[in-house]
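Residue numbers (the working numbering): 545 to 1602.
Every residue gets a Cβ at the ideal spot worked out from N, C-alpha and C, and that includes glycine.
Report on the following structure.
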């Protein structure tokens, strides 16, 4: 057997093999640890029988969610649909007179019930959350599943079975069946997958429509939901229900109820702008010319203002528009039928009547009736009324209140066809025409022949019309099932062309909920006895100031009565005026009712009281844009509170009123307006409106006024010069909005006061521009404990590399990025604590308003440095997108590599020649110089070893660092002559000198040139603003993090991988 050659220096093969094995283990641990852990986890999952969901299955489910929930069919217009993302307006709830974003509240809890009236947007809230997840699943740690509880009416399926049905349904993607002979389920083995994901807390379960479960089963379903929640404590569950139906059925397991607020004026305007600027859905419109699209965009503002004027002209219509469903119907019919748009009615029932008639007569109006509309619209309305009554439960109380079978539909049609002198052979044809041409009735299951109305409210309206001549039957049905027939009774009073006094009187004789229904009927009734109205209203007026159930409904109904023209409304208005001076909760409730009425006299009264009565301020703000003229006048008179109220209204018109206050003579008012406008400008609607606001006239008036007041007219200290032209220069230089934003920034930078305590999120462009400037951060080091906390948190989340002094800046950034992705709240807390001691005054508010990714990026850049490497030129060019200097970088790198190799060779030559000189092997020059080279090499190596061994926190670390530095300098100074002389002996002095100068010059020139180009590419302001989320996907969903729940502390999250 051949022998291996001996190793030099007496080394053994066993020792060498052990050394190489140690190096290999270190490399594998550093670069392949995550891959190995993932492989072992997969193997363990197979061994333990826990099936993982494949990526393609989640992808199929995600694609199905996007197809199913993002396209919203408008049930009241056939063949018309919209994309939910294009028209969705975020919902809010009210608390202590303030409107609060609903999403964060739900995200932070595992058990939530969302309540609201019919059409309040509860289902759309869940659908939009599904759509946001499908768009960016990697941002979420839970997978949402939307379950319609009404489906449990058919066969009594449990919540778990309904979830399995959703995940296990067959993929209906168009074209898929052509690629596969048999359609595949979205998720294979859905039963097992549901068990695993429920146990791990990976699912977020949306249970939509508890009120749509038939009364006979609602209690059972509620108990089952509670048991399901207790069985799966880690799973987030959100339930929706109508507020009039929910009676605390899910308490105490579900301890958080959220009442969805209707749209305020800002929400209505936001919706209208989105609606009229959305991309058209039809193919023909989609291919419209660019010129036509531009023309449509130019008319959008006019259309929005025109429709808003229509709505404001009647308080009753405006109240209707605060419901997302009603506003959608109004805008849809406004587009589809110009005759309806300018003739908006004051009654909900009348509006439904116009909508139904429009849908059934549309083919005839468009001249298509000969081929498509064979039956008269009046006959189809009668058929729909009969079907609606049956679906509502008018024939049998066991009937599902949404779904009705085809056999029952035929029975209803068979009852009325003889009145039209039509034979039974017309049954299927009339039904098909209703389904296919009107869109009011939808065929939802071809296999089981099931139908439902496009929206429950339309079913309730048609059932009310069917019972118009039978009030006794209506009352009997209501007494048998109050929750199911409550809305139908209100619509009956609003739509029946007869005196509704008898019905209201009998309802009023019932319990508290019946009395509340009587009051709501009074607000909508066409004909009713005035003495009965007085009795109903007076009984509820006496409740003002007392704690009663459903008070918000009582106050809203009283407000509707006050808003009605006529003696009853005026008498109640006068009565409330007498209650206001009393004070206390009675006066506060009276002010809310006055605000709900939207009467001009009420607005005037609230504006007078707002100066000294907080309850009046809150009520005035609730009236929306109606309060803007009054608030603007008070702000001009020096009221800072009026500025805050304008900001609370929050509409584009309110933002313009705030912009005018930027040049107010009262500096306190101007500064407060600047802060408030800095928050509002982040809304696209507000920014668009401010682009049309020219501050020239306001500014000129302010200059003239200040000249008149100034004692030193030659000072030049005029407000016209008091603005920063650089602040908005990166975005829209030279425009009116640039001057407005420049004035806003000047006021904030000159301010010595703190920002408002309830500021909110300042627009990130303004926050970065005003805060992140040279000299704006105080000195000081990051506390050592905070760095250690970041290190521990990052390693807990999977970060492998330890924090070291040499690469601290890069490691800090990598760790903050990881924590921001996995635990954004933790990352935000660490970043704020890292920077808060370096800012003071109003800068603290700007720092707190930065989005978490921007805050993390900023703190990583300032973790070890006193200031950001940025100047005004960087700010002005932040929107530039320079090309990467690819060729220059290559040349620079190539030249630097050659230089580095030459340097290594020269150092090697110097060391070798010095050793040779010292031992007499290759003599050159004086031995002391060679000895100095060798001493520097030995000292440098020793210092490097000691520095690596020592802890980064050791106070004596500077000693080896200094030794290493002096050793390098000594080696360079002493070794250069040795290396140069040696190479010159080979190549000649001239060639060596010219080559050295050329190489050094090329390295310097290319490095400086490339660095200049890369500096523009690495603009720090651009890096910060690029971290701003382009879409508020995760923010506008109710999908919670896996590690949160209830009010307890967050647990460590587990990534789902989308």
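Strand pairing of residue i, partner residues [DSSP]
i: residue 636; result: 645
i: residue 786; result: 660
i: residue 987; result: 995
i: residue 616; result: 626
i: residue 748; result: 688 and 780
i: residue 714; result: 729
i: residue 804; result: 637
i: residue 762; result: Paired residue(s): none; residue 762 is not in a bridge.
Cα-Cα separation between residue i and residue j, rounded to whole angstroms
i: residue 1527; j: residue 1469; result: 14 Å
i: residue 1276; j: residue 1286; result: 11 Å
i: residue 1180; j: residue 1085; result: 37 Å
i: residue 658; j: residue 692; result: 14 Å
i: residue 1018; j: residue 1303; result: 52 Å
i: residue 668; j: residue 1580; result: 12 Å
i: residue 1456; j: residue 1473; result: 13 Å
i: residue 724; j: residue 681; result: Any answer about residue 724 is weak, because its pLDDT of 48 lies below 50 and its placement is not dependable; what the coordinates show is given next. Cα to Cα, residue 724 sits roughly 26 Å from residue 681.
i: residue 953; j: residue 931; result: 6 Å
i: residue 615; j: residue 679; result: 14 Å
i: residue 1536; j: residue 1441; result: 19 Å
i: residue 1363; j: residue 1422; result: 27 Å
i: residue 1165; j: residue 1280; result: 28 Å
i: residue 893; j: residue 1005; result: 7 Å
i: residue 842; j: residue 1268; result: Here residue 842 scores only 45 on pLDDT, less than 50, and its place in the model should not be relied on; the value that follows carries that caveat. One C-alpha to the other measures close to 30 Å.
i: residue 649; j: residue 750; result: 15 Å
i: residue 738; j: residue 673; result: 20 Å
i: residue 1607; j: residue 1225; result: Since the first residue shown for the chain is 545 and the last is 1602, residue 1607 is missing from the structure and cannot be characterised.
i: residue 1342; j: residue 1360; result: 12 Å
i: residue 1584; j: residue 1184; result: 38 Å
i: residue 689; j: residue 604; result: 14 Å
i: residue 1350; j: residue 1434; result: Caution is warranted here: a pLDDT of 44 is assigned to residue 1350, below 50, making its placement in the model unreliable, and the coordinate value is therefore given only provisionally. Rounded to whole angstroms, residue 1350 to residue 1434 spans 26 Å at the Cα level.
i: residue 872; j: residue 1321; result: 49 Å
i: residue 1099; j: residue 1045; result: 22 Å
Simplified DSSP assignment, three categories, for residue i
i: residue 1582; result: coil
i: residue 1112; result: helix
i: residue 1326; result: coil
i: residue 627; result: strand
i: residue 1426; result: coil
i: residue 1318; result: coil
i: residue 1242; result: helix
i: residue 701; result: coil
i: residue 918; result: coil
Reference residue i; option with closest CA among the options
i: residue 1603; options: 1280, 1535 and 1540; result: The structure shown does not extend to residue 1603, since the chain spans only 545 to 1602, so no value can be given for it.
i: residue 1384; options: 1072, 1295 and 1116; result: 1295
i: residue 1170; options: 1105, 1062, 1157 and 1142; result: 1142
i: residue 1548; options: 683, 1515, 1443 and 1365; result: 1443
i: residue 897; options: 1503, 965, 1008 and 975; result: 1008
i: residue 752; options: 741, 703, 799 and 732; result: 703
i: residue 1428; options: 1195, 1554, 735 and 1035; result: 1554
i: residue 1313; options: 1045, 1566 and 1333; result: 1566
i: residue 1011; options: 924, 1093, 1039 and 998; result: 1039
i: residue 1397; options: 1369, 1301 and 1274; result: 1369
i: residue 1270; options: 1309, 699 and 635; result: 1309
i: residue 987; options: 956, 1013 and 946; result: 946
i: residue 1245; options: 1485, 1274, 1223 and 1208; result: 1208
i: residue 731; options: 928, 1467, 602 and 934; result: 602
9 Å Cβ cutoff, residue i in contact with chain B
i: residue 612; result: Going by chain labels, chain B is absent from the structure shown, which holds only one protein chain.
What alpha helix (DSSP H) runs, 4 residues minimum, are completely inside the segment 1177-1208? 1184-1193 and 1196-1204
Would you list, in sequence order, the uninterrupted beta strand (DSSP E) runs of no fewer than 3 residues that lie entirely inside the segment 1511-1568? Those beta strand (DSSP E) runs which fall completely within the segment 1511-1568 and span 3+ residues do not exist here.
Kindly provide the ranges of any alpha helix (DSSP H) runs that are 4 or more residues long and lie completely inside the segment 1029-1080, ordered along the chain. List check, alpha helix (DSSP H) in window: 1045-1052 and 1056-1068.
So within the segment 929-977, which uninterrupted alpha helix (DSSP H) runs reach at least 4 residues, ignoring any that extend past its ends? 950-960 and 970-977
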